[in-house]
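Read the structure below first, then the notes.
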Amino acid sequence: MPKTAFVTGITGQDGSYLAELLLGKGYEVHGLVRRASSFNTGRIDHLYTDGHNPDARLFLHHGDLSDGARLSRLLVMVQPDEVYNLAGQSHVRVSFDDPEHTTNTTGMGAMRMLEAIRMAELDCRFYQASSSAMFGPSAPPQDESTRLEPQSPYGVAKAYAHQMTRNYREGYGMFAVSGILFNHESPRRGETFLTRKVSRAVARIQAGIEDYLYLGDLDAERDWGYAPEYVEGMWRMLQADEPGDYVLATGRSCTVRDFVVAAFEHVGLDWEKHVRFDERYLRPTDTHVLRGDASRAERELGWRASIAGTDLASIMVDADVEALAHDTQPYVDRARVPGWPAYS
Ligand code: NAP
Ligand code: GDP
7 MPKTAFVTGI TGQDGSYLAE LLLGKGYEVH GLVRRASSFN TGRIDHLYTD GHNPDARLFL
67 HHGDLSDGAR LSRLLVMVQP DEVYNLAGQS HVRVSFDDPE HTTNTTGMGA MRMLEAIRMA
127 ELDCRFYQAS SSAMFGPSAP PQDESTRLEP QSPYGVAKAY AHQMTRNYRE GYGMFAVSGI
187 LFNHESPRRG ETFLTRKVSR AVARIQAGIE DYLYLGDLDA ERDWGYAPEY VEGMWRMLQA
247 DEPGDYVLAT GRSCTVRDFV VAAFEHVGLD WEKHVRFDER YLRPTDTHVL RGDASRAERE
307 LGWRASIAGT DLASIMVDAD VEALAHDTQP YVDRARVPGW PAYS
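Here it is in structure tokens:
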């Protein structure tokens with residue numbers, strides 16, 4: 007029998023790659039989608055088949071992580087074998103402005119999913135999208151036993167969801183696991199995260215559309231990996247014999263500055279002529295070194311990252327140069343429109 011998966015956050019970067027992976031393995035995939043006033047399925051449109059088609063294996067359902075009753079009804083209806091909880095407010099900088107919403111979705115949303123599974127007595131496996139942001143300033147390299155010291159509302163919300171997942175595993179015997187994923191990027195990365203903001207800007211500067219890129223902290227170090235490799239790791243966690251938490255990371259880190267230099271150099275531009283500082287992009291707490299030790303995942307799941315750091319700059323810049331060449335929309339630099347939130 008083909009398996010059935012339920013994926014929250016299916017319209018996001020990871021959800022779209024995970025849906026591709028699961029459909030490729032023959033799964034029936036059900037995704038949770040927020041109702042929006044404009045289409046928000048751009049990352050998965052290429053996967054969609056009309057539901058009237060007897061071969062359709064991707065089904066979308068409206069819902070929100072803040073609505074526990076809806077989540078319960080959907081899970082009872084779908085009866086999934088595997089549940090991947092990837093949804094939530096995922097931007098660290100935004101979480102400082104919107105801590106209540108971040109806690110409600112990124113933190114309590116996971117509890118609502120776990121509780122819905124428990125109350126319905128579903129026999130399914132649960133994956134929680136935990137984050138290296140839970141580690142804050144804990145010394146690198148960070149692994150599954152590193153102390154959690156989150157320093158943002160996002161990191162605190164993720165730590166709550168992480169601990170709840172462990173509690174449901176230990177207290178109720180659920181197959182519930184957390185993947186502690188370090189930053190992972192791709193051409194589908196949200197446009198306001200550092201790597202994508204840089205790759206889009208490099209494409210526009212090279213095309214002569216604009217001259218400057220405004221950034222905050224250039225000294226922070228991140229362990230940047232490639233998102234399609236990370237969703238494979240998520241799937242492997244749910245195929246393991248025993249449930250457990252796993253770090254997924256490349257084991258290498260570079261600074262924001264290193265990434266910026268590589269992205270500009272890739273198209274032959276001098277970054278110092280184009281990058282300017284704007285304090286709006288600083289966070290109240292940052293400049294950590296996040297560098298993960300994924301040896302448990304390699305040992306027990308056979309998972310290993312192959313693409314890291316500045317390699318991603320070339321992949322992402324090439325994709326944005328290509329996208330710009332086909333973009334017919336007039337470009338507006340939202341970060342410079344007075345009154346527009348500068349959360350990028
Ligand atoms: P993303 O691109 O920002 O996607 C977030 C997804 O959550 C989107 O589908 C979004 O829907 C959905 N969502 C947001 N609020 C929701 C709500 N209240 N109810 C239902 N759906 C909601 O994030 P990502 O990069 O794919 O990351 C996936 C997960 O892994 C997130 O939980 C993130 O925090 C975590 N994570 C990511 C990284 C990373 O480096 N990418 C690292 C560690 C952990 P819309 O499309 O409608 O906005
Ligand atoms: P994060 O690690 O989850 O916060 O992922 P981001 O991609 O949002 O940020 C990565 C790093 O880049 C953080 O240390 C940020 O402080 C730093 N950074 C510097 N300038 C910017 C900017 O303009 N936008 C974003 N998003 N991050 C920036």
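Per this note's numbering, numbering through the sequence shown is continuous, rising by one, with the last residue being 350.
We treat Cβ as the ideally placed atom computed from N, Cα and C, and that holds for glycine.
Residue i (DSSP reduced to helix, strand or coil)
i, result
"residue 46", "coil"
"residue 285", "helix"
"residue 39", "strand"
"residue 26", "helix"
"residue 163", "helix"
"residue 346", "Reliability fails at residue 346, whose pLDDT of 48 lies under 50, so the model's placement of it is uncertain and no value is given."
"residue 231", "strand"
"residue 74", "helix"
"residue 110", "helix"
"residue 128", "coil"
"residue 34", "strand"
"residue 4", "Residue 4 lies beyond the residue range present for the chain, which begins at 7 and ends at 350; the question has no answer from this structure."
"residue 96", "coil"
Cβ-heavy atom distance, residue i to the ligand NAP, below 7 Å
i, result
"residue 14", "yes"
"residue 87", "no"
"residue 109", "no"
"residue 239", "no"
Rounded Cβ spacing between residue i and residue j (contact assumed at less than 8 Å)
i, j, result
"residue 263", "residue 225", "7 Å"
"residue 29", "residue 63", "6 Å"
"residue 303", "residue 244", "In fact, because the Cβ distance is near 13 Å, the residues do not count as touching under 8 Å."
"residue 92", "residue 20", "5 Å"
"residue 231", "residue 311", "5 Å"
"residue 117", "residue 83", "Not confirmed; about 21 Å, so no contact."
"residue 25", "residue 39", "Their Cβ separation, rounded to whole angstroms, is 11 Å, which puts residue 25 and residue 39 out of contact at 8 Å."
"residue 270", "residue 315", "Not confirmed; about 15 Å, so no contact."
Which listed residue (the options) has its alpha carbon closest to that of residue i
i, options, result
"residue 177", "88, 18, 297, 121", "121"
"residue 257", "190, 247, 222, 240", "190"
"residue 18", "94, 8, 131, 203", "94"
Distance cut-off 7 Å: residue i Cβ against heavy atoms of the ligand GDP
i, result
"residue 173", "no"
"residue 9", "no"
"residue 97", "yes"
"residue 223", "yes"
"residue 164", "no"
Minimum length 3: unbroken beta strand (DSSP E) runs contained in the region 243-298: Taking only runs of at least 3 residues, the beta strand (DSSP E) segments lying wholly in the region 243-298 are 252-254, 281-283.
3-residue-minimum beta strand (DSSP E) runs that sit fully inside the region 176-238, ordered along the chain: Within the region 176-238, the complete beta strand (DSSP E) runs of at least 3 residues are 181-187, 219-221.
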